[in-house]
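K.L.:
In terms of the working numbering, the sequence shown opens at residue 17 and continues consecutively. Here a beta-carbon is modelled for each residue, glycine too, at the ideal position from N, C-alpha and C. Note that this is a predicted model, so its numbers are computed, not measured.
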Amino acid sequence: MSRARGLLLFSGGLDSLLAGKVLQAQGIEVWAVRFITPFFHWGWRGREEEFDRLMREKYGFRGIVRDISEEYLEMLKAPPHGYGSAANPCIDCKILMLRKAREVMSEVGADFLATGEVVGQRPMSQRRHIMRHIEKEAGVEGILLRPLCAKHLPPTEPEKKGLVDREKLYDFRGRGRKPQMRLAREFGITDYPTPAGGCILTDPTIGERILRLLELRGGLSVREAELALLGRHFVEEGFWLVVGRKEAENRRLAELARPEDRLFKIRGVPGPTGLLVEGQGDLEKVKEILKRYTPKARDLSEVELEEFRERS
Ligand code: SF4
Numbered sequence: 017m018s019r020a021r022g023l024l025l026f027s028g029g030l031d032s033l034l035a036g037k038v039l040q041a042q043g044i045e046v047w048a049v050r051f052i053t054p055f056f057h058w059g060w061r062g063r064e065e066e067f068d069r070l071m072r073e074k075y076g077f078r079g080i081v082r083d084i085s086e087e088y089l090e091m092l093k094a095p096p097h098g099y100g101s102a103a104n105p106c107i108d109c110k111i112l113m114l115r116k117a118r119e120v121m122s123e124v125g126a127d128f129l130a131t132g133e134v135v136g137q138r139p140m141s142q143r144r145h146i147m148r149h150i151e152k153e154a155g156v157e158g159i160l161l162r163p164l165c166a167k168h169l170p171p172t173e174p175e176k177k178g179l180v181d182r183e184k185l186y187d188f189r190g191r192g193r194k195p196q197m198r199l200a201r202e203f204g205i206t207d208y209p210t211p212a213g214g215c216i217l218t219d220p221t222i223g224e225r226i227l228r229l230l231e232l233r234g235g236l237s238v239r240e241a242e243l244a245l246l247g248r249h250f251v252e253e254g255f256w257l258v259v260g261r262k263e264a265e266n267r268r269l270a271e272l273a274r275p276e277d278r279l280f281k282i283r284g285v286p287g288p289t290g291l292l293v294e295g296q297g298d299l300e301k302v303k304e305i306l307k308r309y310t311p312k313a314r315d316l317s318e319v320e321l322e323e324f325r326e327r328s
């Protein structure tokens, strides 16, 4: 009989790693899927083979990377369950990831889905009734196993079918981290990321910026979402200027410029790049903003804008 196969939603944090290890310890083949959007795990774009290799070598899992940016940005315009404390649409984010995982599950012939979620760990999305609602909305009822807290939840299909031994699953609950630390030690896992706070959409400054851009523009493209994470932004009706804060951002702004965008700096002095995405005629405003952020130009009475395509 072939081994059961579980598709694990792999965030890279300790909990999803442990969930995979708990399954693997039962002889289950674990495939780890990592979803990417401009807001999380973006660095893995185009590095699918490397991710698979890393997962095999480090954990004995298979690794899959899936870019869900388009659907994510569509959802982010108006998430049916609203935003969290910033621009994070956690409930709809989870629903979308589980829906996409359901598709990947059929593709790779997995028998069930798994996550590292723990009941009561996060204020909203990991409350029991919300977890059930998320499962229902995502169409994964009965096939989603949460190995770390399964004993607090009704048995799932893979448990009922005997693919997974419920007795060897766990009953973690709440925000405490000690049980996870203990289990990590049992598995000999020592190098794992600290449980840092979620994705960039939870950042208050970036979140506010993204909500403002969504309000003014009705939605964001992948490129615009990437831009929203860089530099300083000056946004109002009909005007959007992004100013680099350091050399790497200046370079990235030049890379992200489309032919119809305009790139500026203050002529004759070192200083930041300004990428004018919208408001093509309002150059006085561009000059005034760039002068403010160009230390060597601040005290000059007259400055000129220099337009360029690529920074030398
Ligand atoms: S913190 Fe970010 S990645 Fe995590 S559920 Fe919320 S929106 Fe999704």
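1) Going by DSSP, which residues form a beta bridge with H249?
2) Name the two residues that bound the continuous beta strand (DSSP E) containing R63.
3) Under a Cβ-count criterion, where at least 16 other Cβ atoms within 10 Å of its own Cβ denotes burial, should A244 be classed as buried or exposed?
4) Is the beta carbon of F55 less than 8 Å from the beta carbon of I84?
5) Going by beta carbon distance, what residues of the same chain come within less than 6 Å of K281, once the five residues before and after it are set aside?
6) With A200 and L34 assumed to form a contact (beta carbons below 8 Å), what rounded beta-carbon distance in angstroms separates them?
7) Use the C-beta contact count for V46: other C-beta atoms within 10 angstroms, 16 or more gives buried, fewer gives exposed.
8) Identify whether A20 lies in helix, strand or coil by the three-state DSSP scheme.
9) According to DSSP, is F77 helix, strand or coil?
10) So E323 is in the beta strand (DSSP E); what residue range does that whole segment cover?
11) Between the Cα of R69 and those of G59, R61 and I80, spot the shortest distance and give me the residue it belongs to.
12) Measure from the alpha carbon of I216 to the alpha carbon of each residue in H97, L246 and G125, then state which is nearest.
13) Among G234, L25, G59 and R274, which has the Cα closest to the Cα of F324?
14) Cβ of S227 within 7 Å of any heavy atom in the ligand SF4?
15) Would you say K110 touches the ligand SF4, meaning its beta carbon is less than 7 Å from a heavy atom?
16) Quick one: does the C-beta of T218 sit closer than 7 Å to a heavy atom of the ligand SF4?
17) Excluding five sequence neighbours on each side, which residues of the same chain lie with their C-beta closer than 7 Å to the C-beta of A212?
18) In the DSSP output, what is L229 paired with across the bridge?
19) Taking only the alpha-carbon atoms, compute the straight-line gap between A137 and R191 and give it to the nearest angstrom.
20) How big is the Cα-Cα spacing for E252 and L227?
21) Taking K116 as the reference, give the member of R225, A154 and E294 with the closest Cα.
22) Suppose contacts are defined by Cβ-Cβ distances below 8 Å. Is Q42 in contact with D181 by that definition?
23) If I measure Cβ to Cβ from V319 and keep anything under 6 Å in the same chain, skipping five residues before and after, which residues do I get?
24) Hey, how far is the Cα of R267 from the Cα of E242?
25) Rounding to the nearest angstrom, what Cα-Cα distance links L291 and E265 in this structure?
26) What whole-angstrom Cβ distance do F128 and L161 have, given they're in contact under 8 Å?
27) Label P311 either buried or exposed according to how many other C-beta atoms from any shown protein chain fall within 10 Å of its C-beta, with 16 as the threshold for buried.
28) Between L230 and K93, which are expected to be in contact by the criterion C-beta below 8 Å, what is the C-beta distance as a whole number of angstroms?
P.N.:
On the basis of the supplied data:
1) As a first step, residue 249 is located in the sequence shown; it is residue number 233 there, counting from the start. V258.
2) Mapped onto the sequence shown, residue 63 falls at position 47. Secondary structure note for R63: it is in no beta strand (DSSP E), with a DSSP letter that is neither H nor E.
3) Position 228 of the sequence shown, counting from 1, holds the residue named residue 244. Buried is the call here.
4) Against the sequence shown, residue 55 aligns to sequence position 39. Against the sequence shown, residue 84 aligns to sequence position 68. Contact check for F55 against I84 fails: the beta carbons are separated by 8 Å or more.
5) If you number the sequence shown from 1, residue 281 lands on position 265. Here K281 has G287, T289 and E322 as same chain residues with Cβ atoms under 6 Å from its own Cβ, once five neighbours each way along the sequence are excluded.
6) What you label residue 200 is simply residue 184 of the sequence shown in a count that begins at 1. What you label residue 34 is simply residue 18 of the sequence shown in a count that begins at 1. Approximately 6 Å separates the beta-carbon atoms of A200 and L34; this is inside 8 Å, confirming the contact.
7) As a working mapping, residue 46 is identified with position 30 in the sequence shown. In the assembly as shown, V46 is a buried residue. Its beta-carbon has 16 or more other beta-carbons within 10 Å.
8) As a position in the sequence shown, residue 20 is number 4, starting the count at 1. Residue state, collapsed to three classes: coil.
9) Numbered from 1 along the sequence shown, position 61 holds the residue referred to as residue 77. Of the three classes helix, strand and coil, the one that applies to F77 here is coil, per DSSP.
10) On the sequence shown, position 307 is the one that residue 323 refers to. Start and end: L321 to F324.
11) In the sequence shown, counting from the first residue as 1, residue 69 sits at position 53. Ranking the options by Cα distance to R69, first place goes to I80.
12) Within the sequence shown, residue 216 is the residue found at index 200, counting from 1. Here the closest residue by C-alpha is L246.
13) Sequence index remark: in the sequence shown, residue 324 carries index 308 (1-based). For F324, the closest of G234, L25, G59 and R274 by C-alpha to C-alpha distance is R274.
14) Residue 227 sits at position 211 when you count from the first residue of the sequence shown. Before going further, note that residue 227 is Leu rather than Ser in the sequence given. L227 Cβ: outside cutoff for every heavy atom of the ligand SF4.
15) What you label residue 110 is simply residue 94 of the sequence shown in a count that begins at 1. When distances are taken from the beta-carbon of K110 to the heavy atoms of the ligand SF4, the shortest one is below 7 Å.
16) Looking up residue 218 in the sequence shown gives position 202. Yes, the Cβ of T218 comes within 7 Å of a heavy atom of the ligand SF4.
17) Locating residue 212 in the sequence shown gives position 196, where the first residue counts as 1. For A212, the predicted structure reports a pLDDT of 49, less than 50, and the residue's modelled location is therefore unreliable. A value from the coordinates is still provided. Beyond the five residues adjoining it in sequence on each side, A212 comes within less than 7 Å, by CB distance, of no other residue in the same chain.
18) Taking the sequence shown and counting its residues from 1, one reaches residue 229 at position 213. According to DSSP, L229 bridges with nothing at all.
19) Sequence index remark: in the sequence shown, residue 137 carries index 121 (1-based). Sequence index remark: in the sequence shown, residue 191 carries index 175 (1-based). According to the sequence displayed, residue 137 carries Gln and not Ala. So the two alpha carbons sit approximately 4 Å from each other.
20) Within the sequence shown, residue 252 is the residue found at index 236, counting from 1. Within the sequence shown, residue 227 is the residue found at index 211, counting from 1. If I take the Cα positions, the gap works out to 13 Å.
21) What you label residue 116 is simply residue 100 of the sequence shown in a count that begins at 1. For the residues R225, A154 and E294, the minimum Cα distance to K116 belongs to A154.
22) Stepping through the sequence shown from its first residue, residue 42 is reached at position 26. Stepping through the sequence shown from its first residue, residue 181 is reached at position 165. Yes. Within cutoff.
23) Reading the sequence shown from its first residue, position 303 is the one you call residue 319. These residues qualify, in order along the chain: I282, K307 and A313.
24) To locate residue 267, count along the sequence shown from 1; it is residue 251. To locate residue 242, count along the sequence shown from 1; it is residue 226. Looking at the two C-alpha atoms, the distance is approximately 13 Å.
25) Counting from one through the sequence shown, the residue named residue 291 turns up at place 275. Counting from one through the sequence shown, the residue named residue 265 turns up at place 249. Going from the Cα of L291 to the Cα of E265 covers about 11 Å.
26) Looking up residue 128 in the sequence shown gives position 112. Looking up residue 161 in the sequence shown gives position 145. F128 to L161, Cβ: 5 Å. Contact.
27) On the sequence shown, residue 311 is found 295 positions in, with the first residue counted as 1. When all chains shown are included, P311 counts as exposed.
28) In the sequence shown, counting from the first residue as 1, residue 230 sits at position 214. In the sequence shown, counting from the first residue as 1, residue 93 sits at position 77. That pair is a contact at about 6 Å.
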